[in-house]
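The next block holds one structure in the form of structure tokens; read it before the comments.
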Ligand code: OGA
Ligand code: ZN
Ligand code: ZN
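Residue numbers (the numbering used here): 2 to 387.
So this is what it looks like as structure tokens:
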């Protein structure tokens, strides 16, 4: 039986060699060159067998299912082979071989798990002194390293600017497609942000837009938002940004009960016109399985009436108002006017954006925008890093 040691597109550097493997009642304990010991349950090892009978080599996806073997499956034999891989011969004669770099990268002893947790990319929360990461259109379009640098800044700082973008309508889509396909919405593949008489959104007026995320009315808010300036000759209309994660963290410190309410009480957001009616009910702050903030959902102009228990209504209003008040504090704000040929690209699920009112009689203002999902950004980064 051919035994592939990795069923993956990544490579796993050998941090420390495998010294020894020993059969135990519930699994195999291995000892590494740096003396770390990692237990692996029999089921876990069998579940992760990378051989060509368990993983289809073309798709690199598993064909074996862990429910195909008895829950009390054990091994007859284990050793470290001449290539330094972990070899396991199972009760039923099946044989598995594990690359030591792969095994170490997936070990689940406490030290290995803590190391992996610490090595996650850290988002840099920012406040008023934010140093805007700037990129050049030409470089990002032509050079993969410049592209990767831009995408990493999007992932980690959440807000970037690209300069030197052609001002022909539609040119934004070339840049967006460097990441992945564009996420279309009822506003189009690209949307035109211009003051118009028959506006189907406050965005398409000359009003100020308070700090918000786009499309909180959708189950999945768009991950990246692009706003490309074709013309900005009107007075007013400057851009304003706030790191929503920084505000959430400050609220958590200042008023933990208010923070908890914003994490737990769902709020309805609505976007309706003559042909569509989108609604989503979800809390303003979303967290992941590790209790870290992953998303802010907020656009006061799209919000429906609060619907919570009478006892919670006033505390919830206090929490919601406090969050908005904090976003209005200049200590959190980054403000800059966008000029023709410049483009904002930011994490719409993290960074709140706003614009000042402008005077359409004083000159033209035309921005184009589009969305790309966060998954596409992260996938593109991983592939560029392979
Ligand atoms: C929008 C928006 C900002 C601007 O269209 O959602 O936030 O500067 N526009 O016009
Ligand atoms: Zn196998
Ligand atoms: Zn917007």
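All C-beta atoms in this analysis are idealised placements derived from N, C-alpha and C, irrespective of residue type, glycine included.
Item                                                                                                                            : Value
Closest by C-alpha distance to residue 12, when choosing among 385, 103, 209, 93                                                : 103
Residue nearest to residue 370 in terms of C-alpha spacing, selected from 109, 177, 29, 74                                      : 177
Lining residues of ligand 5 - beta-carbon closer than 6 Å to any non-hydrogen atom, in sequence order                           : Within the structure as shown, ligand 5 is missing, the only ligands being ligand 1, ligand 2 and ligand 3.
Three-state secondary structure assigned by DSSP to residue 377                                                                 : helix
Chain-order list of residues whose beta-carbon lies under 7 Å from that of residue 2 (same chain, five-residue window excluded) : Note that residue 2 scores a pLDDT of 39, beneath 50, so its modelled location is shaky and nothing firm can be said.
Burial state of residue 272 (16 or more Cβ within 10 Å)                                                                         : buried
Residue 233 - DSSP class collapsed to helix/strand/coil                                                                         : strand
Reduced DSSP category for residue 7 - H, G, I as helix; E, B as strand; rest coil                                               : coil
Proximity below 8 Å, CB of residue 447 to CB of residue 24                                                                      : In the structure as shown, the chain starts at 2 and stops at 387, and residue 447 therefore has no counterpart that could be examined.
Residue 1 burial status per 10 Å Cβ neighbour count (16 or more: buried)                                                        : This structure does not reach residue 1, given that the chain is present from 2 up to 387, and the question cannot be answered.
Residues near residue 216 in its chain [Cβ-Cβ closer than 7 Å; skip 5 each side]                                                : 186, 222, 223
Host beta strand (DSSP E) of residue 178 (start-end)                                                                            : Element bounds for residue 178: not the beta strand (DSSP E) but the alpha helix (DSSP H), 173 to 180.
C-beta contact flag for residue 344 and residue 213 at 8 Å                                                                      : no
Rounded straight-line distance, which links the Cα of residue 44 to that of residue 73                                          : 8 Å
Inter-residue Cα distance where the pair is residue 309 and residue 322                                                         : 16 Å
Secondary structure of residue 253, DSSP reduced to three states                                                                : helix
Cβ separation of residue 128 and residue 253, assumed to be a contact under 8 Å, to the nearest whole Å                         : At roughly 15 Å, the Cβ-Cβ gap does not stay under 8 Å, so residue 128 and residue 253 are not in contact.
Alpha-carbon to alpha-carbon, residue 91 and residue 29                                                                         : 12 Å
Reduced DSSP category for residue 100 - H, G, I as helix; E, B as strand; rest coil                                             : coil
Extent of the continuous beta strand (DSSP E) to which residue 21 belongs                                                       : 19 to 24
Residue 95, DSSP secondary structure in three states                                                                            : coil
Start and end residues, alpha helix (DSSP H) containing residue 33                                                              : Residue 33 -> not in any alpha helix (DSSP H); beta strand (DSSP E) instead, spanning 28 to 33.
Residue 325 in three-state terms, based on DSSP                                                                                 : helix
Under the three-state DSSP convention, the category residue 221 falls into                                                      : coil
Which of helix, strand or coil DSSP assigns to residue 352                                                                      : strand
Residue range of the unbroken beta strand (DSSP E) whose run includes residue 279                                               : 278 to 283
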